[in-house]
Structures are given as C-alpha cells and as structure tokens.
Amino acid sequence: MTLHSLPGGGSDGADGAGAELAGTYDIVIWAPEAAVDLTKTQVADFNSSNEYGITINATVEPVSEADAATNMITDVQAGGDLYFFAQDQLSRLIQAGALSKLGDAAVEFAKSNNNAASILAAQSGSDLYAYPLTADNGYFMYYDKSVVPDSDVDSLEAIIADCEAAGKNISYELENAWYTAGFFFATGCHSDWVTDNDGNFISIDDDFNSDKGLIAAKGIQKVVTSKSYVNSSNADFASGSAVVVTGTWNYATIKDQLGDNFGVTDLPSFEVDGQSYHIGSYSGCKLLGVKPQTDATKGAAIARLAQYLTGKDCQLARFNSFGWGPSNKEALADPAVAADPTLAALNEQGSYAIPQPNIHGSWWDIAKVIATDIRDSDGSESALKAALEKYEQSIQAVFTMSDDVKNAFTVIGSINGDGWTLDLPMTAEGDIWTSNEAYTMDAGVEFKCRQGKSWDVAYPADNYVVETAGTYYIQLNAATGEVSLIPA
Amino acid sequence: MSKNRHHMGIKTLNRLSNSAIYVLLVIISIIWLIPFIFIVLQSFRVENTYQVGYVIPQQWGLQNYINLWNSDFKRWYLNTFIIALAAAVFQTIIVLCMSYTLSRFRFKMRGPLMRFMLILGMFPGMLTMIILYRVLSDLGLTQSNAVPGLILVSVASSGMGYYVSKGFFDTIPKSLDEAARVDGATRLQVLYKIILPLAKPIVIYTILTAFMGPWGDYVFARYVAFGTSAGYNVAVGMYSWLTNDQINNMYTTFCAGGVIVALPVTILFLCLQKYYVEGVTGGAVKG
Amino acid sequence: MKRKKGTDPEKSSVRRKHKSPKVFFKEIGALLKEYTDKGYLRLSKLQKFIYKILAFFKAIPFAIARFFKNIGVCIKNAAISVVEEFKDIGQTFANGDWKTRVSFFVMGFGNIARGQILRGILFLLFEIVFIVYMIVAGGYWLSMLPSLGKQGPTQSYDAVLDTYTTVYNDNSFKILLYGVLTIFFIIALIYTWRLNVKQNKLAEQYLKSGKKLKSDKDDLRSMVDEQFYKTLLALPLTGILIFTVMPIVFMILVAFTNYDGAHNGFSNNLFSWVGLDNFNTLLSWQSAGGGQSYSATFGEILAWTLIWAFLATFTNYFLGMFVAMMINKKGIALKKLWRTILVMTVAIPQFISLLYVSKMFAKNGLINLTLKDTLGWISQPLPFWEDPMWARVTVILVNIWIGIPYLMLITTGILMNIPADLYESARIDGANAWQQYTKITLPYMLFITGPYLLTSFTGNMNNFNVIYLLTGGAPTNPAASGAAGSVGYTDLLITWLFKITTGAESQYYLASVVGIMVFVVVALISLIVYNVLPSIKNEEDYQ
C-alpha cells in the first residue's frame with residue numbers, strides 16, 4: 013500500500029483535517045458474500061497505513077449488491093455505513109436519503125482515478141454520490157464450443173440454428189430490461205433519462221418506438237420465438253444450455269462446467285432485411301456508497317476509508333481474488349487485467365456498449381415487458397409495433413399528467429418547512445387562482461406558483477418573499493403573473 | 014357384510030378395487046417423496062455446486078455439510094431453534110388462555126370480541142410488516158437483536174389463533190367443570206386439575222405447530238433482520254443462497270441445509286403425529 | 010335444521026319424467042317466491058339443485074340489506090347508549106357524595122377512601138402515568154399529527170473535513186405511530202375514567218343499602234375465580250392490541266398519506282396527508298400508464314385470486330377426502346405408512362420444499378431435462394413457469410401436493426366418526442359405492458366442514474407462501490405491468506401488495522389501499538357466505 017494513492021495527500025483542504033480525524037470509529041460495511049473476507053483485510057490494512065490516525069472498527073455483513081437499495085430503503089438508520097451496490101440503484105438510494113454527497117476533494121479523487129463511464133454511473137445531475145468500485149457490470153456471451161463452432165459466434169442466426177439442431181438452449185434473459193436494451197442500442201436507438209442534483213427524474217428522451225426500434229424488435233423476436241430460448245442469465249451449461257449471455261460473475265462456474273469447450277466472446281450480430289446489426293449492451297459499474305452521517309468527523313473518516321477501498325490497490329486485489337474488472341485507470345492498465353479472457357470479451361463488447369445512465373425505477377418494469385409481448389404476439393409486424401407503442405405510452409405516463417393537472421397552478425416553497433417538495437393546491441376563478449387554504453408564514457418564507465408541477469410556467473420570476481409574518485391566502489393572477497397575499 | 018358373503022362377484026370386485034388403490038397409493042407416495050429424496054441425494058453431491066440435470070451424484074461426500082458448518086448456518090440454526098422453543102412455550106400459554114376462556118366463560122364482551130378478532134383476521138398481515146418493523150426498531154429489537162423481536166411479535170399476536178383449540182375445548186363436556194365447581198374448586202383449579210389433563214392432544218398440537226412455524230418464517234424475518242447475518246433465521250439465510258449471484262456456488266449447500274433443517278422437525282412431527290391428528294380433527298372443524 | 014323426509018325416493022324420480030319444462034320452472038319459481046317444505050319435497054333432484062343455486066343468489070341482496078340494516082341499528086344503539094352514559098355520569102356527580110365527586114378528578118380516590126386500596130391505587134397510578142406521558146411526549150405527538158412534521162432533514166458541507174453532514178429533524182413515521190398510540194391511550198383513559206365513575210356510584214349504593222364492599226383480598230381471589238377470564242385474557246388481548254390492532258389502524262391511515270420510497274418521512278422527505286387521492290388512483294378507470302388503469306389491473310388480479318382460491322380449496326378438499334377414503338378403506342394394509350409418507354409435506358418447512366419444487370419445474374430444471382434428454386419424450390422443454398396457463402395449472406397442482414396431506418388428516422378423523430350403521434343400511438338398500446358417497450359421506454362432510462371450507466377459502470386468497478416461493482408471480486403479465494410495477498399472471502392480491510411494498514418505488518400508500526381492498530373483498534365474501542350458508546344448509550340432504 014502506498015500512501016500517495018490516498019486522496020487529500022496533495023494541497024487540497026483535506027490535508028489540514030488529518031489531526032482532527034484521529035480516533036476509533038465503529039461502522040458497518042455491507043459487502044457481497046464473496047468479498048466479505050477481503051474487505052475485512054483491506055480495512056485492517058487501511059487502519060495500519062492511513063496517515064490520519066483513523067482506526068475503523070468495522071463489522072462486515074454479507075449483503076448482495078443487488079439488495080442494497082431494497083434494504084436501505086426499508087430503514088436508512090439501520091443500514092450499513094458503507095455499502096457496495098449496483099449502479100442502477102443510485103437514484104433510488106439518493107431519493108431515500110441513503111447516500112452522502114461526495115465532498116469537493118473526494119470528487120476530485122474519484123474523477124482523476126476512474127474511467128469516465130464509471131463516473132457517469134455515480135453521478136446525478138452535476139453531483140457525485142458514490143465511489144466507482146468496478147467497471148465490469150456488463151454482459152457478453154459464453155458458449156459451448158462443442159455445439160457452437162467458433163466460425164458461427166458472430167451471427168445470431170447461426171447460433172440459434174446450431175442450438176436448435178443440437179437440442180440445446182440459449183440462456184438470454186431478454187425478459188429483463190437490462191438485456192432487452194442491447195438490441196435497441198444495436199440499431200442506434202437511445203433511452204436517456206435526465207436527473208437533477210437530488211436524484212429526481214426530470215425527463216426522458218427515448219426512441220425505442222421508431223423504425224429503428226422495430227428492427228430491434230425483429231431481432232428480439234428471433235431469439236424469444238426460438239424453441240431454444242431460456243429466459244435466464246445463470247450458468248446453465250450443466251442444465252442444457254449451449255449459450256449463456258451473462259457477465260464476469262459467472263466466469264468461474266462456467267469455466268468449470270465447460271472445461272475444454274469453454275468459449276467466451278462479444279455478443280453476435282443479427283440480420284434484418286439484409287443488414288447486420290451488432291447487439292449492444294449496457295456497461296455498468298458497482299459503486300461504493302457512504303450513508304449520510306450526523307457526525308462530521310465520522311463521516312469524513314468513512315469517506316477516507318471509502319477512497320482507500322476504491323483505490324488502485326484494493327481494486328486490483330479484488331480482480332485477483334474474484335475477477336472483478338477495475339474502474340481505476342491505473343489498474344486497468346495492469347497487464348494481468350488486460351489479459352483476462354472475460355474482461356477481454358467485455359472490452360470487445362465495449363465498443364457496442366452504452367454506459368448505463370441513471371434510470372428511473374419504473375423503466376425496468378416497463379421495458380422488460382417488451383420481450384414478453386413480442387414472444388406472446390402473433391409475430392406480425394403490427395404486433396411488434398403495438399408492443400413498442402405500449403412501451404412508449406407507459407414510459408410517457410411516468411411523466412405525463414391529465415390536462416387538469418397540467419394546467420393547474422400550485423404553490424410550492426418553504427411554507428410548510430417542507431423545503432420545496434410539496435405542491436399546495438390552488439383553485440381558479442377565471443384567471444384568478446387562490447390557494448385552497450390559508451397558511452401561517454413567517455417573514456422571509458419564499459414560494460412560487462407554478463403550473464403543471466413543472467417550472468416551465470412559474471410566477472413570480474424570482475421567489476416571492478413574505479415580508480411580514482401572518483396567515484395568508486396566496487393569490488395569483490394567471491393573466492398578468494402577479495402574486496399577492498390576502499390576509500385570512 | 015354377512016349378506017354379501019356368498020356373492021363371489023363382489024369379493025373379486027373388492028380385491029380388484031383394493032389392488033387399484035394400492036397402485037394409486039404407491040404412485041402418490043412416489044410423487045410425494047421424490048422431491049425430498051432428490052434434496053437428500055443432491056446434498057451429498059460433491060463434484061460441483063450448481064444445478065445439474067441428473068439426480069444421483071457422481072461423487073459422494075460430505076463437503077456440503079462441511080461448508081454448512083463453516084458458514085453462518087450454525088448461528089441461523091441456533092436463532093431459529095431459540096425462536097421456535099420460545100414460541101412453543103409462550104405461544105402455547107397465550108393460545109390456551111385465549112381458547113379456554115372463550116370456550117368456557119360466558120361474559121358480556123365474548124361475542125363482540127370473537128367477531129372483532131374474526132374481522133381483524135381478514136386484514137392481510139403483510140401490511141403491518143412495515144409498522145411492526147418500526148416498533149421493534151424503536152425497542153432495539155431488530156438486526157442483531159432480531160431473535161427476541163421475532164419472538165415478541167409472534168407471541169404477541171398468537172392470541173388470534175385460538176380457533177382450533179377452542180374447538181377442542183368445546184368438545185370437553187361442561188358438566189365436568191360444573192361438578193368440580195360444586196365441590197368448591199375455583200376456576201383456576203378447574204383449569205389445571207380437570208381440563209388440562211383432558212386437553213393433552215390440543216396442548217401438544219399447539220406446541221407442535223408453534224414450534225414448527227418459525228422454521229419456515231421468511232418474509233417478516235428477513236424484514237426485521239436485514240443486513241445482519243447474526244440475526245437471520247435459517248429461511249432468510251438459506252434463501253440468499255438461491256439468489257442469482259450465489260446459486261451456482263451454494264445450490265448443493267442449500268440442499269444440505271434443507272436436510273439439516275427438515276430432519277429434526279420432521280422426526281418430531283412424525284413422533285407426535287397422533288396428537289396432531291387428534292388436535293386438527295378435534296378442533297379445526299368444530300370451531 | 011333437520012327436516013322430516015316422508016317421501017319415497019322412487020316417487021320423485023318417477024314424477025320427474027313427466028314434468029314439462031313449463032311446470033319444471035314454474036315449480037321452482039313458486040318456491041322461490043314462497044318457500045314451503047312440501048313444495049320443496051315435490052321437486053325433482055335437478056329442480057332442487059337449480060332451486061338451491063337460485064335461492065343462494067336471491068338471498069344475497071337480502072343478506073347485504075340485512076348487513077346494512079344491522080349497521081344502522083348498531084349506530085342507533087350506540088348513539089342512544091352514549092346519551093345514556095352522559096346522563097348517568099351527570100347524575101352520579103349530582104347525587105354522589107364528596108368522595109365520588111373528588112374521584113371525578115383524582116381517579117381511584119373514592120376506592121381508597123372506602124377501603125378498596127388496591128383498586129384505588131391502580132386507578133390513580135394510571136391517571137398519573139397518563140398525565141406524565143401527555144406532558145413529556147404525548148402532547149407533542151398529538152400536536153404534530155395534523156401536519157405529520159414540519160422540517161425534513163438538512164445538510165451542510167464542512168470544507169475542512171471535506172464531508173457533508175446531515176441533521177435529521179421531524180419524523181413523519183414516528184409522529185403517525187406515536188400519534189395513533191397517544192389516541193389509543195386517551196381512549197383507554199376515558200374508558201378507565203368512566204369505569205372509575207361507575208365503581209364509585211356502585212360502591213356508594215352498596216354502602217347505602219348496608220352491603221359490604223369487596224376487600225382487596227376478595228378482588229384478588231376473584232381474579233382466579235369469577236373474574237378468571239379477565240386474568241386469562243389480559244395478556245393475549247394486550248398483545249393483540251399492540252401488535253395487531255394498532256398496526257392495522259396505522260396502515261389504514263397510511264392509505265390517506267403519500268408515504269412511499271421518495272417520502273419516507275425521515276431520511277428524505279416528510280410525508281403528509283393527501284385525503285382520498287390514493288383511492289381515486291386505484292379505483293378510477295383512468296389509465297395510470299402501461300395502457301391499463303390500476304383498477305383494471307386490480308380487477309384482473311382479483312379475478313385470478315378468486316379462481317385460485319376456489320380451485321385451491323376444492324381440489325384439495327375433494328382429493329384429500331378421496332385419499333383419506335382410500336387409506337381408510339377396509340382391507341388396505343399399512344395405513345400408518347401411507348399417512349406418514351403424505352404428512353412429510355406438512356412437516357417440512359415450505360421454504361425448502363416449495364423452493365426446491367420451483368427449481369424442479371424450471372425450463373432448465375430437473376423435470377424438463379429428464380423428459381427431454383434422459384427419456385427423449387419431448388423435443389423442447391415444457392413451459393411450466395413461462396406460459397400463463399401452464400404456470401397457473403402448475404401452481405394449483407403443486408398446491409395439491411402441499412395441501413392434500415393436511416386435508417387427509419382432517420377428513421380421516423371425520424370419516425371415522427360417521428356412524429357405520431348408516432353405510433350398513435345403505436348397503437342393505439342396495440346403494441352402490443358412489444351412491445353411498447353422495448348420499449352419506451359428502452353431505453356429512455360438507456355439514457361438518459362448512460366453516461372450515463370458508464376459512465380455507467379466505468386463507469387461500471391470502472396464500473402468500475405458495476405463490477411467492479414457487480413463481481414469484483411469474484410469468485410477467487405485459488398488459489397489467491407498467492406504472493403499477495411488474496405484475497405476473499400468477500400474482501395474487503397479496504403477492505402484488507408485497508411487490509408494491511418492496512418494489513422500485515416502494516409505494517406504501519398504494520399497498521395500504523390494496524390491503525384495504527383485500528379486506529373488503531374477504532369480508533364481503535365471508536359475510537355473504539355466513540348469511541346465506543345456513544339457509545342453504547337447511548335444505549341439505551343430511552341426517
């Protein structure tokens with residue numbers, strides 16, 4: 013362990029904090045079962061090597077990265093102080109108040125050490141909420157060489173034919189949006205969600221329901237209507253599959269299952285109307301999150317530990333122990349990493365992969381249905397279109413509201429001390445909108461009246477500031493944009 | 014019977030139908046036993062740890078049981094055992110109090126009380142999980158203290174399950190109570206000197222069901238103990254072995270764990286089966 | 010309940026042949042209009058059957074009307090008794106002596122002054138605890154209840170330490186929880202206070218008429234004698250109140266808030282009251298996304314829940330009975346062995362057996378692999394969990410596997426209780442096995458197990474374990490999934506509720522509304538069956 017890889021060793025403010033941070037801290041770390049022992053060792057290393065005099069007394073609990081958000085949301089107070097999680101949970105965790113924003117120096121550390129895709133994964137709006145831990149959360153193809161010859165691995169059609177002929181299965185979890193999306197990326201579609209700094213979703217830009225999307229749907233159709241199709245991403249080679257689309261985490265098992273017939277490569281291409289499309293994928297990360305702390309010193313000490321655990325040496329140690337692909341730039345350049353077969357496949361697939369952005373929780377449920385719809389349809393082009401049409405309606409519904417709601421004005425502000433989260437209803441008489449209730453406001457309370465719960469139309473331009481405390485009705489002239497207070 | 018003796022046809026028919034029944038029973042027995050036999054077989058498979066398409070292990074061994082011993086399973090097992098034991102004692106006391114009272118006493122609020130509990134029982138219990146978690150969390154009985162928390166909740170709400178044993182108490186003649194009361198015994202004396210000895214089947218039935226319940230408790234137990242392995246029970250701990258990221262490593266260990274969990278419970282159950290049957294038939298249907 | 014059956018079975022079957030359709034239905038119609046025993050007995054078997062069904066539906070509106078009428082009567086009675094209570098309290102104060110009057114303010118004073126020290130101290134203690142609680146905490150919780158909190162958590166940045174620190178403020182969840190508890194406490198106080206007033210009045214009357222009051226020793230003795238039921242019920246009922254009633258009240262209230270993952274009331278945003286919005290969302294026919302409205306999704310799941318509950322209950326019931334009869338049959342050996350084998354599924358924890366079975370039926374599970382590779386009977390795997398129809402049938406079949414043993418145990422006992430001479434005389438009359446079954450066994454069983462069937466039906470509606478452990482609701486129902494989360498074809502209302510709670514958005518408020526709807530459905534079914542069943546039962550051919 014070298015000290016210089018620690019952040020704050022330079023000239024940024026953290027240096028001065030050294031002495032204040034000295035002390036012993038009891039914390040809970042949630043790590044996936046496999047990483048529990050290694051994490052314990054790494055914490056011990058941190059204790060003996062850090063320059064601040066921090067001693068972390070850590071209890072490491074086995075909690076899967078996939079369950080972190082569900083557990084955290086149940087009760088943030090009882091959650092781990094430091095926890096591993098998969099990036100798709102980022103916005104849920106931010107919304108639940110389960111992630112502490114990174115300080116300026118920490119942001120600097122994370123950005124300078126990790127690759128760009130992993131930073132994107134940890135970001136909401138312009139703020140960074142977690143430390144990148146791996147950059148291997150993607151998928152590619154494992155295959156059984158005795159069934160699928162190497163010459164066929166680039167063509168989806170050939171692979172399907174091989175498997176059907178041999179009576180073997182293709183494990184491809186297409187009824188899971190994470191895998192479904194790959195076909196759409198292949199044809200150039202995109203689905204981008206925009207979040208603000210608080211983890212709230214503002215809008216979506218998505219063109220899955222388009223001509224390009226239809227081509228992707230036809231590609232999906234080829235797989236899901238095959239008699240070989242199994243909706244799974246497990247290591248199924250021992251139970252009848254000859255092809256499994258999954259990620260690095262199944263490497264050891266699959267290697268064991270296939271022995272000499274082990275094959276791994278990027279995803280194949282599919283052909284529609286004579287044109288070939290290379291199946292895309294999401295590339296994602298695992299992140300390390302810090303729970304918000306009420307004690308500043310403890311929070312800072314945990315942040316130092318988090319930075320250590322996501323540094324080059326710890327990432328390499330995890331690669332060596334269980335093959336987790338690093339996000340750290342220096343670690344990525346390590347020859348052993350570059351030579352790893354699964355990471356090589358991931359790397360090949362990388363040119364067709366889209367860095368996974370922050371995605372609304374409902375999207376996973378909405379998009380996973382596309383493949384099911386296609387499978388259950390009569391297979392006609394119009395049925396495929398209908399499936400995409402329904403998809404679009406569903407995601408728009410996450411944001412769209414009825415016309416009444418869209419046109420209505422509401423009051424929002426620090427009136428209830430709720431910090432601009434609650435829209436208070438108003439009622440219209442012609443152009444004059446009046447709040448349904450009178451509110452007791454202190455001097456200095458600020459608010460705005462906005463339409464359709466969005467900021468497109470909001471009055472007054474600058475926040476209205478209450479001058480004298482009292483109980484008022486709030487009134488808005490929607491024609492002029494004038495806001496006034498009516499004493500109750 | 015005597016009338017049919019000289020009808021040879023009926024006798025043959027009877028023999029025929031008996032053979033048919035035997036065939037059916039054998040088929041049923043096979044269907045019923047197969048999953049359990051498979052679990053046992055797979056728990057001894059050591060050549061690999063994931064799901065495979067064959068049943069008989071290629072290599073036999075105890076590796077999976079050794080893995081169990083080295084994991085947190087011991088702790089989960091102990092937790093579950095403590096919960097089951099406590100539930101068996103306290104739940105039985107509560108249920109017996111409740112059912113004896115509702116069977117023997119006639120007081121003003123009896124009818125409304127029973128109707129009220131019937132209505133309460135119609136709410137899906139799942140709903141109250143969140144709030145129960147919070148209450149336990151305020152009492153400090155979650156995560157690593159999940160065991161007393163789970164005991165508290167299961168015992169506290171067990172009064173609702175008075176139905177079966179009340180049905181049983183109803184079958185014990187009231188004249189016995191009255192005779193004893195005439196002889197000057199208090200209600201308390203009537204209970205432990207006369208009723209309890211007669212109610213042995215239902216007492217054992219209640220103990221048995223209370224003891225068996227915690228072994229399968231998953232949803233609430235997971236909710237209360239999340240994130241703290243030391244607070245898991247067997248169901249919560251073992252369920253995590255079948256999640257996607259662990260099933261390939263832990264599948265056979267899961268089978269071994271299943272055997273270890275099922276063995277004592279099943280033996281206990283089979284030993285006390287007689288009382289269970291008496292309890293169910295005496296109580297469940299007459300309630 | 011029992012009706013004399015004077016008619017000869019031969020006669021009715023003869024008459025049936027000659028009935029024209031017109032007469033056939035006219036007789037049923039007449040009977041529906043006005044029931045007579047004679048008219049009923051004149052009917053043929055088919056007519057009786059049709060009559061029973063029609064009578065069942067005819068009775069439903071009456072049952073519902075009776076229910077509402079009962080509610081009306083209850084409200085009226087309650088109102089009257091409240092007025093009576095106040096009158097009585099007033100009179101007690103006006104006519105009481107000074108001890109009684111002081112007791113209005115210092116609870117238990119009268120008891121202590123009249124020598125019932127123990128009772129008095131308990132009353133007084135309760136009052137003191139209440140006052141202390143209200144001053145220390147209760148007042149705060151109560152005052153916050155209308156707003157559910159004013160200030161959410163705030164964050165600040167410490168540049169030197171390079172860290173964000175959070176200050177947690179109000180906690181909507183606790184406010185709601187302790188607010189509810191405080192209200193419970195206040196109700197308990199009012200009740201106790203009323204008890205205290207009543208006791209004073211009684212004590213005064215007793216003393217006036219020269220009777221002796223019960224001493225503390227008498228009180229204690231009666232706790233194990235006349236009042237023994239109070240002693241026995243105290244603990245169980247306290248438990249139920251705190252761990253069942255209070256949470257249900259709380260969750261009902263949550264249905265009127267916006268409590269969800271994004272408003273968890275403490276670590277992010279506070280939640281607040283939203284009135285009936287959530288009910289509007291669930292019950293309106295407006296589409297909430299996914300092309301299907303919540304109400305349509307709810308309806309679809311409800312329909313399957315009812316079908317499932319019906320099939321699960323009756324397949325188990327009849328097959329369980331059938332298996333029990335096979336084992337019980339005279340001349341079948343090894344009865345104990347057969348029973349023991351079957352009972353294994355009752356003994357082994359469901360999470361083991363069901364999880365294992367679920368993996369067995371998977372597309373790449375043991376059964377498919379055996380059929381396909383080992384035996385070569387099929388060329389492609391059977392879609393046990395992939396196809397909606399297959400999945401639904403499979404869960405019912407597996408449920409039979411789980412349920413038969415239990416039913417077998419229950420029915421074995423009852424079957425043995427059927428008097429043997431019934432069968433004997435039936436045999437002498439030349440009844441075959443099927444006739445014996447339909448004439449004796451089945452009516453007897455149905456009569457005895459009627460209430461059990463109902464509880465088992467509602468139990469199956471809420472059978473979380475079987476569905477959750479077997480399929481988790483799969484396969485996905487594309488039409489119903491959407492903004493309401495992922496919904497599967499085998500999802501019951503209870504598993505859907507669980508998914509809403511633990512799903513991506515953690516919509517606790519919606520789960521709460523769905524929970525209330527589940528209650529309404531279960532209550533309605535129980536009510537109808539309870540009200541209608543006895544009248545149907547009267548007509549049962551049961552002796």
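Chains as they are written, first to last, in our numbering: chain A, 13 to 500; chain B, 14 to 300; chain C, 10 to 552. For every residue, glycine included, the Cβ atom is placed at its ideal position computed from N, Cα and C. A quick note: this is a predicted structure, and the numbers were derived from the prediction, not measured.
**Request:** Indicate whether at least one CB of chain B lies closer than 8 Å to the CB of Lys338 of chain C.
**Result:** yes
**Request:** Identify every residue that forms a DSSP beta bridge with His290 of chain A.
**Result:** A:Ser281
**Prompt:** Which of the three DSSP states, helix, strand or coil, is assigned to Thr163 of chain C?
**Reply:** strand
**Request:** State the DSSP-derived secondary structure class of Tyr95 of chain A, mapped to helix, strand or coil.
**Result:** strand
**Request:** Classify Trp190 of chain A as buried or exposed, calling it buried when 16 or more other Cβ atoms lie within 10 Å of its own Cβ.
**Result:** buried
**Prompt:** Val255 of chain A touches chain B at which residues, Cβ-Cβ below 9 Å?
**Reply:** The premise fails here: Val255 of chain A is roughly 17 Å from chain B at the closest Cβ pair, so nothing lies under 9 Å.
**Message:** Tell me which residues share the same chain as Glu309 of chain C and place their Cβ nearer than 6 Å to its Cβ, disregarding the 5 neighbours each side in the sequence.
**Reply:** Ala489
**Message:** Less than 7 Å between C-beta atoms, sequence neighbours within five positions excluded: which residues of the same chain meet that for Ile409 of chain C?
**Reply:** Thr324, Asn325, Leu328
**Request:** Tell me whether Asn212 of chain A sits in a helix, a strand or coil according to DSSP, three-state version.
**Result:** coil
**Request:** May I ask you to verify whether the region 246 to 254 of chain B touches the region 224 to 234 of chain B, counting CB pairs closer than 8 Å and requiring at least 3?
**Result:** yes
**Message:** Give the list of continuous alpha helix (DSSP H) stretches no shorter than 4 residues that lie fully inside the region 19 to 58 of chain B.
**Reply:** 21 to 56
**Item:** CB contact below 8 Å: Gln76 of chain B versus chain A
**Value:** no
**Message:** Cutting at 6 Å between CB atoms, please list the residues of its own chain near Pro227 of chain B, excluding the five before and the five after it.
**Reply:** Thr93, Ile96, Ala97, Ala100
**Request:** Name, please, each residue of chain B whose Cβ falls closer than 8 Å to the Cβ of Ala435 of chain C.
**Result:** Those within 8 Å of Ala435 of chain C in chain B number zero; the least Cβ separation is about 12 Å.
**Message:** On the CB-based measure, 16 or more other CB atoms within 10 Å of its CB, does Phe129 of chain B come out buried or exposed?
**Reply:** exposed
**Message:** Under 8 Å, Cβ to Cβ, is there at least one residue of chain A near Val23 of chain C?
**Reply:** The pLDDT assigned to Val23 of chain C is 41, lower than 50, so where the model puts this residue is not dependable; a value taken from the coordinates is nonetheless given after this. For Val23 of chain C, the answer is no, since every Cβ of chain A falls outside 8 Å of its Cβ.
**Asked** I think Tyr289 of chain A touches Ser281 of chain A, with their Cβ atoms under 8 Å apart; what is that distance to the nearest whole Å?
**Response** 6 Å
**Request:** Could you work out which residues of chain B lie near Asn188 of chain A, taking near to mean beta carbons separated by less than 8 Å?
**Result:** By Cβ distance, chain B contributes nothing, its closest Cβ being about 10 Å from Asn188 of chain A, past 8 Å.
**Request:** Less than 8 Å between the CB atoms is what I'm expecting for Val176 of chain C and Thr306 of chain A, so what's the real figure, rounded?
**Result:** 7 Å
**Prompt:** Taking one C-beta from the region 216 to 226 of chain B and one from the region 27 to 43 of chain B each time, how about it: are there three or more such pairs within less than 8 Å?
**Reply:** no
**Prompt:** Mind checking if Met413 of chain A is an interface residue toward chain B, Cβ cutoff 8 Å exclusive?
**Reply:** At Met413 of chain A, the pLDDT of 48 sits below 50, so the modelled position is not reliable; the number obtained from the coordinates is stated separately. Chain B, which has no Cβ nearer than 8 Å to the Cβ of Met413 of chain A, makes this no.
**Request:** Please report how far the alpha carbon of Ile137 of chain C lies from the alpha carbon of Leu455 of chain C, in whole angstroms.
**Result:** 56 Å
**Item:** Proximal residues to Asn17 of chain B (C-beta, below 6 Å), its chain only, five neighbours per side dropped
**Value:** Confidence is the limiting factor: at Asn17 of chain B the pLDDT is only 47, short of 50, which leaves the residue's position unreliable, though a coordinate-based value still follows. Excluding residues within five positions, the ones whose Cβ falls inside 6 Å are Ile23.
**Request:** May I ask you to report which of helix, strand or coil DSSP gives Thr492 of chain A?
**Result:** coil
**Message:** Between which residues of its own chain and Ile376 of chain C is the CB-CB distance below 8 Å, once the five residues before and five after are set aside?
**Reply:** Met369, Phe370, Leu391, Phe393
**Message:** So the candidates are C:Ala312, C:Ile251, C:Ala356; which of them puts its Cα closest to the Cα of Pro277 of chain B?
**Reply:** C:Ala356
**Prompt:** How about Val272 of chain B and Val53 of chain B: are their beta carbons less than 8 Å apart?
**Reply:** yes
**Prompt:** Which partner residues does Tyr155 of chain A have in the DSSP bridge list?
**Reply:** A:Val255, A:Gly275
**Asked** Applying a beta-carbon distance threshold of less than 7 Å, which residues of chain A neighbour Gly524 of chain C?
**Response** Simply none; closest approach about 18 Å.
**Request:** Kindly list the residues whose CB is nearer than 7 Å to the CB of Gln286 of chain B, restricted to its own chain and excluding five residues on each side of it in sequence; keep chain order.
**Result:** none
**Request:** Verify whether the separation of the beta carbon atoms of Gly284 of chain C and Ser181 of chain C is less than 8 Å.
**Result:** no
**Request:** Determine the direct distance from the alpha carbon of Thr219 of chain B to that of Met173 of chain B, and round the result to whole angstroms.
**Result:** 13 Å
**Pro256 of chain C: contacting residues in chain A (beta-carbon distance under 7 Å)** = Chain A residues near Pro256 of chain C: none, gap ~16 Å exceeds 7 Å.
**Request:** Whole angstroms is fine: what's the gap from Met413 of chain A's alpha carbon to Leu41 of chain C's?
**Result:** The predicted model places Met413 of chain A with a pLDDT of 48, which falls under 50 and marks its position as unreliable; any figure quoted below should be read in that light. When rounded, the distance between both Cα atoms is 52 Å.
**Request:** Could you tell me which of C:Asn474, C:Gly468, C:Trp347, C:Ile537 sits nearest to Gly37 of chain B, measuring between CA atoms?
**Result:** In the sequence as displayed, the identity of residue 37 of chain B is Leu instead of Gly. When only C-alpha atoms are compared, the closest one is C:Trp347.
**Request:** Measure the CB-CB distance between Thr277 of chain A and Val165 of chain A and report whether it falls below 8 Å.
**Result:** yes
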